[in-house]
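The structure appears right after this line, and notes come after that.
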Amino acid sequence: GAGVSQTPSNKVTEKGKYVELRCDPISGHTALYWYRQSLGQGPEFLIYFQGTGAADDSGLPNDRFFAVRPEGSVSTLKIQRTERGDSAVYLCASSIRGRENTEAFFGQGTRLTVV
Amino acid sequence: RKEVEQDPGPFNVPEGATVAFNCTYSNSASQSFFWYRQDCRKEPKLLMSVYSSGNEDGRFTAQLNRASQYISLLIRDSKLSDSATYLCVVKGRGSTLGRLYFGRGTQLTVWP
Numbered sequence: 549g550a551g552v553s554q555t556p557s558n559k560v561t562e563k564g565k566y567v568e569l570r571c572d573p574i575s576g577h578t579a580l581y582w583y584r585q586s587l588g589q590g591p592e593f594l595i596y597f598q599g600t601g602a603a604d605d606s607g608l609p610n611d612r613f614f615a616v617r618p619e620g621s622v623s624t625l626k627i628q629r630t631e632r633g634d635s636a637v638y639l640c641a642s643s644i645r646g647r648e649n650t651e652a653f654f655g656q657g658t659r660l661t662v663v
Numbered sequence: 246r247k248e249v250e251q252d253p254g255p256f257n258v259p260e261g262a263t264v265a266f267n268c269t270y271s272n273s274a275s276q277s278f279f280w281y282r283q284d285c286r287k288e289p290k291l292l293m294s295v296y297s298s299g300n301e302d303g304r305f306t307a308q309l310n311r312a313s314q315y316i317s318l319l320i321r322d323s324k325l326s327d328s329a330t331y332l333c334v335v336k337g338r339g340s341t342l343g344r345l346y347f348g349r350g351t352q353l354t355v356w357p
């Protein structure tokens, strides 16, 4: 069956540019999460959506990062004025519900490189 | 202090060996614990949940020690296909209920 889909799989951008990363969760999953993983580290929480609303966005590192999920399905993570330190793998995950002990399924990630 | 601390390894073991990974967590109120597996350049996948009484899934055994805030994973009879990074994960509570806190992962290589 279809899992979590993320596009693009790789993105190379110049410092200062704007990028959008897309996540298509598993159909019927109301909870959606964005994580960032740097080399040699575990994934680090960015933001969590329950339906259309951001239930917890306290992991976003600064105001250059923003995410939306307007119809409660597909989500877009937006990064303005990219910096070299933003280079990482951005992982999206979804689960049936966020507030119970349910498994989160991850997409394969978008590898962002800022040059 | 990080929410989840894990020895990054690497662990290099021969096929058939028994290997154990450990991690500690900082929030004594945490209730939900997991081990995830991540293959090179792939996404993390749930290996198993960790229950208070300890639990086993084939060659894999997970243990939880709440008093010491310590979680372990034991792999018996290691296979080549077990080579991966193993991530210790604790779920948030209260205002952070939607989060998973990951350790940095322990890298395992099983050699023939």
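Residue numbers (the working numbering), protein chains in the order written: chain G, 549 to 663; chain D, 246 to 357. For glycine and all other residues, C-beta sits at the position ideal for the given N, C-alpha and C.
Could you check how far apart the C-beta atoms of residue i and residue j are, in whole angstroms? I think they sit under 8 Å.
i, j, result
"Val334/D", "Tyr346/D", "7 Å"
"Tyr566/G", "Tyr581/G", "Contact flag wrong, Cβ pair sits at about 22 Å."
"Val560/G", "Val663/G", "6 Å"
"Tyr281/D", "Leu332/D", "4 Å"
Do residue i and residue j have their C-beta atoms within less than 7 Å of each other?
i, j, result
"Gly599/G", "Gly620/G", "yes"
"Gln251/D", "Arg349/D", "yes"
"Thr351/D", "Phe279/D", "no"
"Thr306/D", "Leu319/D", "yes"
"Ala602/G", "Gly343/D", "no"
"Ser328/D", "Leu292/D", "no"
"Arg629/G", "Arg612/G", "yes"
"Gln314/D", "Thr269/D", "yes"
"Glu568/G", "Thr658/G", "no"
"Ser635/G", "Leu660/G", "yes"
"Ser557/G", "Asp572/G", "no"
Check the DSSP bridge columns for residue i and list the partner residues they point to.
i, result
"Asp611/G", "Answer is none; Asp611/G lacks a bridge partner."
"Lys290/D", "Arg282/D"
Three-state secondary structure (DSSP) at residue i?
i, result
"Leu345/D", "strand"
"Ser326/D", "helix"
"Asp284/D", "coil"
"Ser273/D", "coil"
"Arg632/G", "helix"
"Gly601/G", "strand"
"Ser317/D", "strand"
"Ser391/D", "Missing from the structure shown is residue 391/D; chain D here goes from 246 to 357 and no further."
"Pro253/D", "coil"
"Lys247/D", "coil"
"Ala307/D", "strand"
"Leu587/G", "coil"
"Pro357/D", "coil"
"Glu260/D", "coil"
"Lys559/G", "strand"
Chain D beta carbons: is any one of them nearer than 7 Å to that of residue i?
i, result
"Tyr638/G", "no"
"Pro591/G", "yes"
"Gly657/G", "yes"
Using a threshold of 6 Å, is the CB atom of residue i nearer than that to any non-hydrogen atom of the ligand GTP?
i, result
"Lys565/G", "With respect to the ligand GTP, the structure offers nothing, as it holds no ligand at all."
I'd like to know if residue i contacts chain G, where contact means its C-beta is closer than 7 Å to some C-beta of that chain.
i, result
"Phe224/D", "A question about residue 224/D goes unanswered here, because the residues of chain D that appear run from 246 up to 357."
"Gly343/D", "yes"
"Pro289/D", "yes"
"Leu319/D", "no"
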